[in-house]
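If you're matching them up, the sequences are chains X and C in order. Heads up: the first sequence runs through residues 1 to 193, numbered per this note's numbering. Heads up: the second sequence runs through residues 1 to 193, numbered per this note's numbering. Backbone N, C-alpha and C define an ideal beta-carbon position, used for all residues, glycine too. Written below as structure tokens is the structure these notes are about.
2 protein chains.
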Amino acid sequence: MSAKRVLTDRASALPALAEAFREHGFEGASLAILSKATGLGKGSLYNFFPGGKEEMMAAVLDNIDGWFADAIFTPLEQARDPATAVNGMFDDVTAYFRSGQRVCLVGALGLNSAGSAFTTKVKGYFTRWIAALARCLESGGVAPALAANLAEDAVSGIQGAIVLARAVGEEASFLRIVARHRAALLEALGHHE
Amino acid sequence: MSAKRVLTDRASALPALAEAFREHGFEGASLAILSKATGLGKGSLYNFFPGGKEEMMAAVLDNIDGWFADAIFTPLEQARDPATAVNGMFDDVTAYFRSGQRVCLVGALGLNSAGSAFTTKVKGYFTRWIAALARCLESGGVAPALAANLAEDAVSGIQGAIVLARAVGEEASFLRIVARHRAALLEALGHHE
DNA sequence: GCCTTTGTGTACCTATTGGTACAATATTGT
DNA sequence: ACAATATTGTACCAATAGGTACACAAAGGC
């Protein structure tokens, strides 16, 4: 049962690691911070993640990607009712990003050179999100070209809303911006159902 | 003439400092990096910026804010022709952010806790940008509430476009997203001229 | 030409960085 | 119970972090 145990503890450390990376960035999250955040000593940390910080971040990214795949991407891709799926996406995303107060780790990684080791994962996350949303819109009768534009606008718009909401320090701006994106997608779906 | 000399050299170091901070973030930009980027030794750096990295970043932010005030905010606020001013803003912003490949230092600062010392400047930058754009739209006949929404969408949308364009590594997505924001603003102006 | 101010390189400081080694301690299957 | 394995804390390491001190070099003004 040892292998399972390792996986379990490693997995249970991921949320704390993710929050620490979100808060301080990849470079700013020192081992001392990560140790305090997880409650694990350096020995345990390097036992679970022999590759050090880089492996920790990689595991965190995989974890995030898995969550989004289950909660966001797959529901969009297999939506029976596109409007309901779009509404669900916005609800989940708003909760996940804590109304814009919580940084999107994947997006933030792309901004500085510290995240250059993870470009493939970062790129995949965004392309899959946009593709899933576009497919959902298409399945609701939206023309492919328009669907691609709307999906790109929505996903990048959510990222921008996070940046702005954190910059001005108010959730309200995130909620306003995201609500307008939601309305735009629903309106596009409404015209073709 | 010494005072002028100091100011001159200090100012001439700001672009290189800004690029280094953009590239590596505040924490990631070590003094060694900053020294190499500016061509100045540690002695000179601390002569010009006795407050260390924090003062360097503060000076860089003031410099950026000054540039935006001159090139973006003021033209928007005093626009004689709103549509021309909006077009000018998008042209200048696209050039400044290098079609989304160049990070917005102000936006990035708001994302991690390292930038918490600069929250006032970060917040001021965004609120002034949005207010200037909204005023420009209003002066073109757009209703105040709509103008505020459109301005918020455009500014946050530009930030999101930078995040996405860097994440997927292609300028094209930045250009597409920004073009749609430009069109939305021009259309709103067009309906009221 | 001198004297003060401004600029610069180098040496140095302590604290912390990411990472390793390893002994001690659970925990495990058998 | 016992041997193997997994986990953990501690000590340690070289490298680098940001920052200071200071001797020295330009460059002024007069």
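Can you find a CB in chain X that lies within less than 8 Å of the CB of residue i?
i, result
"C/Leu133", "no"
"C/Val168", "yes"
"C/Ala161", "yes"
"C/Lys123", "yes"
"C/Leu164", "yes"
"C/Val103", "yes"
"C/Phe126", "yes"
"C/Asp153", "yes"
"C/Gly52", "no"
"C/Gly110", "yes"
"C/Arg98", "no"
"C/Glu187", "no"
"C/Glu27", "yes"
"C/Glu138", "no"
"C/Gly107", "yes"
"C/Glu23", "yes"
Which same chain residues end up closer than 7 Å to residue i when comparing Cβ atoms and leaving out the 5 residues on each side of it in sequence?
i, result
"C/Asp70", "none"
"C/Gln159", "Cys104 and Gly107"
"X/Ala154", "Leu133, His181 and Leu185"
"X/Ser35", "Gly41, Lys42 and Leu45"
"C/Val178", "Phe90, Thr94, Ile158 and Ala161"
"C/Met1", "Since pLDDT at C/Met1 reaches only 38, below the 50 mark, its modelled position is unreliable, and no value is offered."
"X/Glu27", "Ala114"
"C/His24", "Ile33"
"C/Glu138", "Pro144 and Ala147"
"C/Glu171", "Ser99, Gly100, Gln101 and Ala165"
"X/Arg128", "Phe73"
Going along the chain, which residues of its own chain have a beta-carbon closer than 8 Å to the beta-carbon of residue i, five neighbours each way excluded?
i, result
"X/Leu186", "Ala83, Val86 and Asn87"
"C/Gly39", "Ala16"
"X/Leu14", "Ala59, Val60 and Asn63"
"X/Phe48", "Val6, Asp9, Arg10, Ala13 and Leu40"
"C/Leu175", "Thr94, Ser99 and Gly100"
"C/Ala148", "Ile130 and Ala134"
"X/Ala3", "Legend: pLDDT at X/Ala3 = 36, less than 50; position of this residue unreliable, no value from coordinates given."
Against chain C, with Cβ distances strictly below 8 Å, would residue i count as a contact?
i, result
"X/Val142", "no"
"X/Arg176", "yes"
"X/His191", "no"
"X/Pro15", "no"
"X/Gly157", "yes"
"X/Ala183", "no"
"X/Leu31", "no"
"X/Glu19", "no"
"X/Gly194", "Lying before the first or after the last residue shown, residue 194 of chain X is absent from chain X, which here runs from 1 to 193."
"X/Ser173", "yes"
"X/Thr119", "yes"
"X/Ala114", "yes"
"X/Glu77", "no"
"X/Asn47", "no"
"X/Arg180", "yes"
"X/Asn63", "no"
"X/Asn149", "yes"
Buried or exposed for residue i, please, with buried defined as at least 16 other CB atoms from any protein chain shown within 10 angstroms of its CB.
i, result
"X/Arg5", "With a pLDDT of 44 at X/Arg5, under the threshold of 50, the modelled position of this residue cannot be trusted; read the value that follows with caution. Burial call: exposed."
"C/Arg166", "buried"
"C/Gly41", "exposed"
"C/Ala143", "exposed"
"C/Gly51", "exposed"
"X/Leu31", "exposed"
"C/Gly169", "exposed"
"X/Gly110", "buried"
"X/Ala195", "Residue coverage of chain X in this structure runs from 1 to 193, which leaves residue 195 of chain X outside it and unanswerable."
"X/Ala29", "buried"
Got a sec, what are the start and stop residues for the alpha helix (DSSP H) residue i sits in?
i, result
"X/Ser113", "First-last for X/Ser113: undefined, no H or E at that position."
"X/Ser35", "Leu31 to Thr38"
"C/Asp81", "Premise fails: C/Asp81 is in no alpha helix (DSSP H) and is neither H nor E."
"X/Gln159", "Pro144 to Val168"
"C/Gly190", "Glu171 to Gly190"
"C/Asp65", "Lys53 to Phe68"
"C/Phe48", "Lys42 to Phe48"
"C/Ala134", "Thr119 to Ser139"
For residue i, I'd like the list of residues in its chain whose CB is within less than 6 Å of its CB, leaving aside the five on either flank, ordered along the chain.
i, result
"C/Leu189", "Pro82, Ala83 and Gly140"
"X/Ala151", "Ile130, Leu133 and Ala134"
"X/Cys136", "Leu76, Ala79, Pro82 and Ala85"
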